[in-house]
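Peer 1: Sharing a structure with you now.
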Amino acid sequence: MRLWRALLLGLVLAPANAYWVIQMERVRAGPYVSSISLFANCVFVLAVLAALNLCVRRYRPRWAMTPGELLLVYSMCCLGTAVAGMDFLQVLVMILGHAKHFATPENGWESFFRYIPSWLVVNDVEALKRYHGGHSSLWLPENYHPYLVPCIAWMTFVAALLLAMQGLNALLARPWIERERLSFPVLELPLTLAREPVAFYRQPSFLIGVTIPVMWCGLNGLHFLYPAVPEISVKPFDLVQGATSKPIRAMTWMPVTFYPFAIGLGYLLPTDLLFSAWFFYFFWKLELAFSALMAWDVNPHMPYASQQSMGACLALMCYLVYTSRGYLREAGLALRGRGPAVGHRAEYHAALAAFLAGAGYQIFFSRVAGMSWLMIGLFWGLYLVTVTVVTRMRAELGPPVHDFHLMGPEIMITTTLGT
């Protein structure tokens, strides 16, 4: 009964949580909580539930939620945030009708329409005009009917993607948790909130850490409403803005700011990662400056920062496969009913079945949508490498963000092999 109670609470919170994320990231243009590995909105929900649970436990102990239930609700909020976030559902919905709506005789996009399956996108131009222009309602049949088939198709794709990634997580969980004993820094705060809320809330360091940003943000909020109130600005300041030297200008945007949440996240990260984060950031900027100094920037891709990042991911993937060779051998034997890990055979079977089912549907979806077998192999191979390496970084080091916007498979393939 307790499990169903937590599931029901998670389902009730899901729409409100998605609405909150969209309001922050799309309507108000920030903060972009889904871009940071420790979702601030989910931590807030967990903190509120933990505080309310303390009151319930004091007066009705039998009604109180267990740490496992709190973490289940938190996990559901995290999954909902990831799907509803800026880099997932919000982007997907926008591109469903982008080609049809913005096609003009000048850009010649209509010549590509024969490559786009009709069930994959919205084809009703009038409905798209009403959607983009406003002064109408999405709930009118003539407006939402054109979206039904594409949305159902993409919902199955998203479900298969999540299934495959969950299967991959299950396959990697045992060696990373039990053998290598990775620290999973991103989980420290949620686990503490769920298990020891009383001790956590009473810590002086917690109270001071909460008071400073609350007073700071409250002061800035009052300044926004009443400009006569002074402000302590945390807005980014660009160090290279207005520079006249070409190498300095080539460094592009170099912001300096002071975000309390970023400082707080830094306490959860290893010091070697914190050092690497700023050192290699400046190293990359110096590469840009040196390329401009040597006039190598005639090639817009110099110094190939995205390609360097993908090369690092490929190298890390090879390292992970090599260091996991013993576990992979044991898992393979267990699947055949032999070896020391045979007791985990059912677990391996379920995880592998989930991954293969999800990945198989993704390949089927891509093939029906028109991708060639070569592109399917290249695209999904690079995607698998990227997500596995990012997952490993999250588990071992817990970096708050990963800036892989310009190194996705679609960019790596086209810049390497051409369009």
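In terms of our numbering, the sequence shown opens at residue 857 and continues consecutively.
Even glycine gets a Cβ: it sits at the ideal position worked out from N, Cα and C.
(1) Taking residue 1038 as part of the alpha helix (DSSP H), name the residues at either end of that continuous run.
(2) Look at the alpha carbon of residue 1271 and the alpha carbon of residue 1147, and state the distance between them as a whole number of angstroms.
(3) Buried or exposed: residue 876, going by 16 or more other Cβ atoms within 10 Å of its Cβ?
(4) What residues match up with residue 1094 in a beta bridge as DSSP calls it?
(5) Ends of the alpha helix (DSSP H) at residue 1153?
(6) Got a sec? Which residues, its chain only, sit under 7 Å from residue 986 by beta carbon, not counting five neighbours each side?
(7) Please confirm if the segment 1151-1162 is in contact with the segment 1178-1191, defined as three or more CB-CB distances below 8 Å between the two stretches.
(8) Does residue 1128 come out as helix, strand or coil in the three-state DSSP assignment?
(9) Find out if the Cβ-Cβ distance for the pair residue 1186, residue 1195 is shorter than 8 Å.
(10) Which of the three DSSP states is assigned to residue 895 in this structure?
(11) To the nearest angstrom, how far is it from the Cα of residue 1119 to the Cα of residue 894?
(12) Let me know the alpha helix (DSSP H) ranges lying completely inside the segment 1013-1086, each 4 residues or longer, listed in chain order.
(13) Classify residue 937 as buried or exposed, calling it buried when 16 or more other Cβ atoms lie within 10 Å of its own Cβ.
(14) Given residue 956, which residues of its chain have a CB within under 7 Å of its CB, disregarding the five upstream and five downstream residues?
(15) So, for residue 1188: in the same chain, excluding its five sequence neighbours on each side, which residues have a beta-carbon less than 6 Å away from its beta-carbon?
(16) In whole angstroms, give me the CA-to-CA distance for residue 1275 and residue 967.
(17) Give the range of the alpha helix (DSSP H) segment to which residue 1222 is assigned.
(18) Please classify residue 917: does DSSP put it in a helix, a strand, or coil?
(19) If residue 1216 and residue 971 are in contact, beta carbons under 8 Å, what's the gap, nearest whole angstrom?
(20) Would residue 1265 and residue 1234 be called neighbours here (beta carbons separated by less than 8 Å)?
(21) Expressed to the nearest angstrom, what Euclidean distance is found between the alpha-carbon atoms of residue 1042 and residue 964?
Peer 2: If we stick to the structure as given:
(1) Position 182 of the sequence shown, counting from 1, holds the residue named residue 1038. That residue, residue 1038, is in no alpha helix (DSSP H); it is neither H nor E in DSSP.
(2) Within the sequence shown, residue 1271 is the residue found at index 415, counting from 1. Within the sequence shown, residue 1147 is the residue found at index 291, counting from 1. Going from the Cα of residue 1271 to the Cα of residue 1147 covers about 19 Å.
(3) Start at 1 with the first residue of the sequence shown, and residue 876 comes out as number 20. So residue 876 counts as buried.
(4) Here residue 1094 refers to the residue found at position 238 of the sequence shown. Looking at the DSSP assignment, residue 1094 forms a beta bridge with 1111.
(5) Counting from one through the sequence shown, the residue named residue 1153 turns up at place 297. Taken as a continuous stretch (DSSP letters only), residue 1153 belongs to no alpha helix (DSSP H), as it is neither H nor E.
(6) Residue mapping note: residue 986 aligns to position 130 of the sequence shown, counting from 1. Counting only Cβ-Cβ distances below 7 Å, and skipping sequence neighbours, we find 992, 999.
(7) no
(8) Numbered from 1 along the sequence shown, position 272 holds the residue referred to as residue 1128. DSSP places residue 1128 in helix when its eight states are reduced to three.
(9) Position 330 of the sequence shown holds residue 1186. Position 339 of the sequence shown holds residue 1195. For residue 1186 and residue 1195, yes; Cβs fall inside 8 Å.
(10) Position 39 of the sequence shown holds residue 895. If DSSP states are grouped into helix, strand and coil, residue 895 belongs with coil.
(11) As a first step, residue 1119 is located in the sequence shown; it is residue number 263 there, counting from the start. As a first step, residue 894 is located in the sequence shown; it is residue number 38 there, counting from the start. Distance between the alpha carbons of residue 1119 and residue 894 is about 13 Å.
(12) 1044-1051, 1053-1058, 1060-1081
(13) Walking along the sequence shown from the start, residue 937 turns up at place 81. It counts as buried.
(14) Here residue 956 corresponds to residue number 100 of the sequence shown, with the count starting at 1. Contacts found: 977, 978, 979, 981, 984.
(15) Here residue 1188 is taken as the residue at index 332 of the sequence shown, counted from 1. Hits under 6 Å: none found.
(16) Working through the sequence shown from its first residue, we reach residue 1275 at position 419. Working through the sequence shown from its first residue, we reach residue 967 at position 111. Using only the alpha carbons, I get a separation of about 15 Å.
(17) By one-based count along the sequence shown, residue 1222 stands at place 366. Taken as a continuous stretch (DSSP letters only), the alpha helix (DSSP H) holding residue 1222 covers 1201-1225.
(18) For the purposes of this step, residue 917 is taken as the residue at position 61 of the sequence shown. It is helical.
(19) For the purposes of this step, residue 1216 is taken as the residue at position 360 of the sequence shown. For the purposes of this step, residue 971 is taken as the residue at position 115 of the sequence shown. About 24 Å; that fails the 8 Å criterion.
(20) In the sequence shown, counting from the first residue as 1, residue 1265 sits at position 409. In the sequence shown, counting from the first residue as 1, residue 1234 sits at position 378. The answer is yes: Cβ separation under 8 Å.
(21) Working through the sequence shown from its first residue, we reach residue 1042 at position 186. Working through the sequence shown from its first residue, we reach residue 964 at position 108. Roughly 47 Å separates the two Cα atoms.
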